[in-house]
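Below: the structure, in C-alpha coordinates.
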Amino acid sequence: MMCGGVSATQPATAETQQMAEEVKAQLEEKENRKFPVFKTVEFKSQVVAGMNYFIKVHVGEEEFIHIRVFRSLPHENKPLALHSYQTNKTKNDELAYF
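Our numbering numbers the first residue of the sequence shown as -16 and each following residue consecutively.
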(Lines of atoms letter the chains of each structure in order from A and count residues from 1; the text may use other names and numbers.)
(Lines give C-alpha, C1' and ligand atoms only; values in the text may rest on other atoms or scores of the structure.)
Protein backbone atom coordinates (compact mmCIF):
# COMPACT_ATOMS: atom_id res chain seq x y z
CA MET A 1 0.00 0.00 0.00
CA MET A 2 1.26 3.47 -0.88
CA CYS A 3 1.78 5.89 2.01
CA GLY A 4 -1.22 8.22 2.03
CA GLY A 5 -3.26 6.01 -0.30
CA VAL A 6 -6.42 4.29 0.88
CA SER A 7 -6.54 0.50 0.62
CA ALA A 8 -9.18 -1.54 -1.15
CA THR A 9 -12.27 -2.48 0.84
CA GLN A 10 -11.72 -5.58 2.96
CA PRO A 11 -14.08 -7.70 5.08
CA ALA A 12 -14.18 -6.74 8.76
CA THR A 13 -11.87 -8.64 11.10
CA ALA A 14 -11.75 -9.27 14.84
CA GLU A 15 -9.24 -6.41 15.02
CA THR A 16 -11.55 -3.90 13.30
CA GLN A 17 -14.42 -5.02 15.56
CA GLN A 18 -12.23 -4.41 18.61
CA MET A 19 -11.20 -0.96 17.32
CA ALA A 20 -14.84 -0.03 16.73
CA GLU A 21 -15.78 -1.20 20.23
CA GLU A 22 -13.00 0.96 21.69
CA VAL A 23 -14.44 4.15 20.12
CA LYS A 24 -18.14 3.21 20.49
CA ALA A 25 -18.57 5.29 23.67
CA GLN A 26 -17.11 8.34 21.90
CA LEU A 27 -19.62 7.92 19.06
CA GLU A 28 -22.55 7.36 21.43
CA GLU A 29 -21.64 10.54 23.30
CA LYS A 30 -21.42 12.60 20.09
CA GLU A 31 -24.70 11.18 18.75
CA ASN A 32 -26.41 11.26 22.18
CA ARG A 33 -27.75 7.73 21.72
CA LYS A 34 -26.89 4.12 22.49
CA PHE A 35 -26.27 1.50 19.82
CA PRO A 36 -27.53 -1.95 20.88
CA VAL A 37 -26.01 -3.41 17.69
CA PHE A 38 -22.46 -2.39 16.73
CA LYS A 39 -21.09 -4.89 14.18
CA THR A 40 -18.29 -4.03 11.77
CA VAL A 41 -18.92 -5.09 8.18
CA GLU A 42 -15.95 -3.90 6.13
CA PHE A 43 -13.06 -1.45 6.28
CA LYS A 44 -10.37 0.44 4.40
CA SER A 45 -7.07 1.63 5.84
CA GLN A 46 -4.71 4.51 5.12
CA VAL A 47 -1.08 4.89 6.19
CA VAL A 48 -0.42 8.38 7.55
CA ALA A 49 1.67 9.35 10.60
CA GLY A 50 -0.13 6.39 12.13
CA MET A 51 -3.11 4.63 10.55
CA ASN A 52 -6.60 5.75 9.59
CA TYR A 53 -9.29 3.09 9.47
CA PHE A 54 -12.56 3.74 7.64
CA ILE A 55 -15.02 1.22 9.05
CA LYS A 56 -18.62 0.46 8.06
CA VAL A 57 -20.63 -0.43 11.18
CA HIS A 58 -24.11 -1.95 11.28
CA VAL A 59 -25.99 -0.25 14.14
CA GLY A 60 -29.39 -1.94 13.85
CA GLU A 61 -32.25 -2.49 11.42
CA GLU A 62 -31.14 -1.10 8.03
CA GLU A 63 -28.90 1.60 9.56
CA PHE A 64 -25.16 1.85 9.08
CA ILE A 65 -22.57 4.39 10.20
CA HIS A 66 -19.13 4.95 8.69
CA ILE A 67 -16.48 5.75 11.29
CA ARG A 68 -12.92 6.98 10.87
CA VAL A 69 -10.62 5.69 13.60
CA PHE A 70 -7.06 6.95 14.03
CA ARG A 71 -4.34 4.73 15.51
CA SER A 72 -1.22 6.70 16.42
CA LEU A 73 2.30 5.36 16.03
CA PRO A 74 3.25 2.79 18.70
CA HIS A 75 5.90 4.98 20.37
CA GLU A 76 3.28 7.72 20.99
CA ASN A 77 1.33 5.35 23.25
CA LYS A 78 -2.03 7.10 22.64
CA PRO A 79 -5.48 5.50 22.67
CA LEU A 80 -7.52 4.98 19.52
CA ALA A 81 -9.47 8.09 18.53
CA LEU A 82 -12.77 8.53 16.72
CA HIS A 83 -11.66 11.11 14.15
CA SER A 84 -14.97 11.56 12.34
CA TYR A 85 -18.07 9.69 11.27
CA GLN A 86 -20.98 9.70 8.81
CA THR A 87 -24.53 8.71 9.72
CA ASN A 88 -27.57 7.72 7.63
CA LYS A 89 -25.64 5.18 5.60
CA THR A 90 -27.02 2.01 4.03
CA LYS A 91 -25.53 -1.44 3.55
CA ASN A 92 -24.76 -0.58 -0.09
CA ASP A 93 -23.09 2.81 0.52
CA GLU A 94 -19.45 2.65 -0.47
CA LEU A 95 -16.80 3.40 2.14
CA ALA A 96 -14.98 6.48 0.91
CA TYR A 97 -12.37 8.83 2.32
CA PHE A 98 -13.91 11.45 4.62
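Virtual Cβ for every residue (Gly too), placed ideally from N, Cα, C.
Within the DSSP secondary-structure output, Asn15 pairs in no beta bridge. Met34 has Val30 and Arg54 as its beta-bridge partners, per DSSP.
Straight through space, the alpha carbons of Gln9 and Lys17 are spaced by roughly 11 Å. Between the C-alpha atoms of Pro19 and Lys61 there is a straight-line separation of about 27 Å. Assigned with DSSP and collapsed to three states, Ala79 falls in coil, not helix or strand. Bounds of the beta strand (DSSP E) holding Ala64 are Ala64 to Lys72.
Contact annotation: Ala(-5) and Phe26 have beta-carbon atoms nearer than 8 Å.
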